[in-house]
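Per the working numbering, residue 7 is the first one in the sequence shown, and the count goes up by one each step. For every residue, glycine included, the Cβ atom is placed at its ideal position computed from N, Cα and C.
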Amino acid sequence: MASSPIMSKAMSPALPAHWRDFVALTKPRVMTLVVFTGLCGLLAAPGRIHPVLAFTTILCIALGAGAAATLNQWYEKDIDGLMKRTANRPLPAGRMDPQSALHFGVGLSVFSVLLMGIATNWLAAAVLAVSILFYVFVYTIWLKPRTAQNIVIGGAAGAFPPVIGWAAVTGDISALPVALFMLIFFWTPPHFWALALFVKTDYAAAGIPMLPVVSGEVATRRQIWLYTAIMAVAAMAPVLLRLTGLVYGIAALLGTGLFAVFAFQVFRRRESDPARMGPERRLFKYSILYLFLLFGAVVVDRWLLA
C-alpha cells in the first residue's frame, strides 16, 4: 500500500537542521502578539526601568514564548504530521532531529527564566516559568488531547506576558495587570474557535477534540458569542475599576463593539463549507488587531495619566 506524502515526510530521516528551522520552532508570528502585550505591561507599569533591562525583559518574554512553542511542537510532532496546516513544520517534515528540538526548547526555557531573574527580579522570572510550564504541561500534554475546553483553560498560558512585564518593573502584581490577564484569557476562546471553525477537518484528522469537532459548528458559534460577551465585560473592567482613563475607555468601547458585530455574524451563520467562511476568517484576523489596539490604548492612557 502506498504511503501518503505527509507520512513519508514524517518517516524520512531527519536532515541537519538549518537555523531557519530553529526560528520556525519558536513561532515568530505568534510571538509578535505575546511580545507586544508584554511590552505594554512593562510600559504601563509605574516606576522606571533602565532601557537595557527593559530590552532584556522583552527578550526573555520572547525567548520563553519561543521555548514553549518549541516544546509544544516537539511533543506534537506526530500530530502535526497528520494536519495539512502543520505538516511542513521542521519536525514532521523531517528537517530536524526531535532530540535537537527538545534540547533547544529546554535550553531556551532555562536561559530565559534565569536571565529574567538576574536582570530584573525573581517574581517576574517565576511568572515566566509558570507560563512556560502551564503551556507545555497543562495545555499541550494534559488538556489539548483530552477535552474540548482545552483552549478555555489553556488560554491562561498566553495571558501572562503583561503580568511579567509589569512585575519586571515594579516587583509586584497589582489590579491592572490582573485585569489585562483576564482580558486575554476571555479573548482567547472566540479568537481560537474562529480559527478552529475553518480548520476543523485538520483537527478531526489528527484526533484533537477541538470544540467544532466534538460539539459541532452550531455549539461552537454559540460559545464564540457567549465568550465575546464575557470578554466585553473584561475589556471594560479597567475603566469601571478606574485603572485606566478616557483613551482606553473609548478604544475598548469601539473596538469591542466591532468585535461583537463580527462575532454575531459568526453566531448567526450555519455555513459548513470551509472555503466560504468569510465571517470566521474576518473575526479571527480582527481579533488580533483588537488586542493590539486595546493594549496600545492602555499604554497611551497610562502615560497621559502620569
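How many whole angstroms separate the CB atoms of A238 and A266, which I take to be in contact at a CB cut-off of 8 Å?
-> Counting from one through the sequence shown, the residue named residue 238 turns up at place 232. Counting from one through the sequence shown, the residue named residue 266 turns up at place 260. With a Cβ gap of about 7 Å, A238 and A266 count as contacting.
Does the stretch 182-195 come within contact of the stretch 157-168, defined as at least 3 CB pairs closer than 8 Å?
-> With the cut-off at 8 Å, the stretch 182-195 and the stretch 157-168 touch.
Please classify T153: does DSSP put it in a helix, a strand, or coil?
-> For the purposes of this step, residue 153 is taken as the residue at position 147 of the sequence shown. The three-state secondary structure of T153, taken from DSSP, is coil.
How many angstroms separate the CA atom of M188 from the CA atom of F270?
-> The residue labelled residue 188 in the question sits at position 182 within the sequence shown. The residue labelled residue 270 in the question sits at position 264 within the sequence shown. Whole-angstrom Cα-Cα distance: 22 Å.
Runs of alpha helix (DSSP H) lying entirely within the stretch 208-238, each at least 4 residues, in chain order | 217-221
For the alpha helix (DSSP H) holding W148, just list the boundary residues, first then last.
-> Sequence index remark: in the sequence shown, residue 148 carries index 142 (1-based). Element bounds for W148: n/a, residue is neither H nor E.
Outcome for F166 when other beta-carbon atoms lying within 10 angstroms are tallied against a minimum of 16 = In the sequence shown, counting from the first residue as 1, residue 166 sits at position 160. Here F166 is buried: its Cβ has 16 or more other Cβ atoms, across all protein chains shown, within 10 Å.
Return no unless some Cβ of chain D is closer than 8 Å to the Cβ of A132.
-> Protein chains in the displayed structure number just one, and chain D is not present.
Going straight from the alpha carbon of T262 to that of V184, what length do you get?
-> Taking the sequence shown and counting its residues from 1, the one referred to as residue 262 is at position 256. Taking the sequence shown and counting its residues from 1, the one referred to as residue 184 is at position 178. Spanning the two alpha carbons is a distance of roughly 19 Å.
Write down the C-beta distance between G72 and L45 rounded to the nearest angstrom, noting that I regard them as a contact closer than 8 Å.
-> One-based indexing of the sequence shown puts residue 72 at position 66. One-based indexing of the sequence shown puts residue 45 at position 39. Between L45 and G72 the Cβ distance is about 16 Å, and since that is not below 8 Å, they are no contact.
Starting from the C-beta of A212, find all residues in its chain whose C-beta is less than 6 Å away, skip the five residues before and the five after it, and write them out in chain order.
-> Within the sequence shown, numbered from 1, the residue matching residue 212 stands at position 206. Cβ neighbours of A212 beyond the five flanking positions: I85, L88, M89.
Nonlocal neighbours in the same chain, by C-beta distance under 7 Å from V142, ignoring five residues either side | The count along the sequence shown starts at 1 and reaches residue 142 at position 136. Excluding positions up to five away in sequence, the list reads A74, L77, N78.
Below 7 Å CB to CB, which residues in the same chain sit around L249 once its five sequence neighbours on both sides are set aside?
-> In the sequence shown, the residue the question calls residue 249 occupies position 243. Cβ neighbours of L249 beyond the five flanking positions: A181, L182, A185.
Would you kindly report the start and end of the unbroken alpha helix (DSSP H) that includes F33?
-> Counted from its first residue, the sequence shown places residue 33 at position 27. Going by the sequence as given, residue 33 is Lys instead of Phe. Here K33 belongs to no alpha helix (DSSP H), and DSSP marks it neither H nor E.
Which term fits L300, buried or exposed, when burial requires 16 or more other beta carbons within 10 angstroms of its beta carbon?
-> As a first step, residue 300 is located in the sequence shown; it is residue number 294 there, counting from the start. Burial call: buried.
Under 7 Å Cβ to Cβ from M242, same chain only, skipping five residues before and after it: list those, please.
-> Walking along the sequence shown from the start, residue 242 turns up at place 236. A258, listed in sequence order.
N- and C-terminal bounds of the alpha helix (DSSP H) containing A263 | By one-based count along the sequence shown, residue 263 stands at place 257. Here the sequence assigns Gly to residue 263, which means Ala is not the residue at that position. Here the alpha helix (DSSP H) through G263 covers 252-274.
Would you tell me roughly how many angstroms separate the C-alpha atoms of L260 and H109, rounded to the nearest one?
-> In the sequence shown, counting from the first residue as 1, residue 260 sits at position 254. In the sequence shown, counting from the first residue as 1, residue 109 sits at position 103. The straight-line gap from Cα to Cα measures roughly 45 Å.
In the structure shown, what three-state DSSP assignment does M188 receive?
-> As a first step, residue 188 is located in the sequence shown; it is residue number 182 there, counting from the start. Reduced to three states, the DSSP call for M188 is helix.
When we look at the beta-carbon of A131 and count the other beta-carbons within 10 Å, is it buried (16 or more) or exposed?
-> Within the sequence shown, numbered from 1, the residue matching residue 131 stands at position 125. Buried, since its Cβ has 16 or more Cβ neighbours within 10 Å.
Measure the alpha-carbon distance for T226 versus L69 and round it to whole angstroms.
-> The residue given as residue 226 occupies position 220 in the sequence shown. The residue given as residue 69 occupies position 63 in the sequence shown. Their Cα atoms are separated by approximately 33 Å.
Which residue comes first and which comes last in the alpha helix (DSSP H) that contains H109?
-> To locate residue 109, count along the sequence shown from 1; it is residue 103. H109 -> alpha helix (DSSP H) spans 104-125.
In the DSSP assignment, find the alpha helix (DSSP H) that holds V142 and state where it starts and stops.
-> Position 136 of the sequence shown, counted from the start, is the residue given in the question as residue 142. Counted as a single uninterrupted DSSP element, the stretch harbouring V142 is not any alpha helix (DSSP H), since DSSP gives it neither H nor E.
Could you check what DSSP says for H56 in three-state terms: helix, strand or coil?
-> Counting from one through the sequence shown, the residue named residue 56 turns up at place 50. In the structure shown, H56 sits in coil (DSSP, three-state: anything other than H, G, I, E or B).
Note down, in chain order, each residue of its chain lying with its Cβ closer than 7 Å to the Cβ of F330, except the 5 sequence neighbours on either side.
-> Residue numbering for the chain in the displayed model covers 7 to 312; residue 330 lies beyond these limits and cannot be assessed.
Under the three-state reduction of DSSP, which class applies to E82: helix, strand or coil?
-> On the sequence shown, residue 82 is found 76 positions in, with the first residue counted as 1. In the three-state DSSP reduction, E82 falls in the coil class, being neither helix nor strand.
Close Cβ partners of V133 (< 7 Å) along its chain, the five nearest in sequence each way excluded = If you number the sequence shown from 1, residue 133 lands on position 127. F166, V169, I170, A173.
Please name the residue in L310, A210, G47 whose C-alpha comes closest to that of G337.
-> Look at the range of the chain in this structure, 7 to 312, and you will see that residue 337 is not part of it.
Classify W309 as buried or exposed, calling it buried when 16 or more other Cβ atoms lie within 10 Å of its own Cβ.
-> Working through the sequence shown from its first residue, we reach residue 309 at position 303. Per the 10 Å Cβ criterion, exposed.
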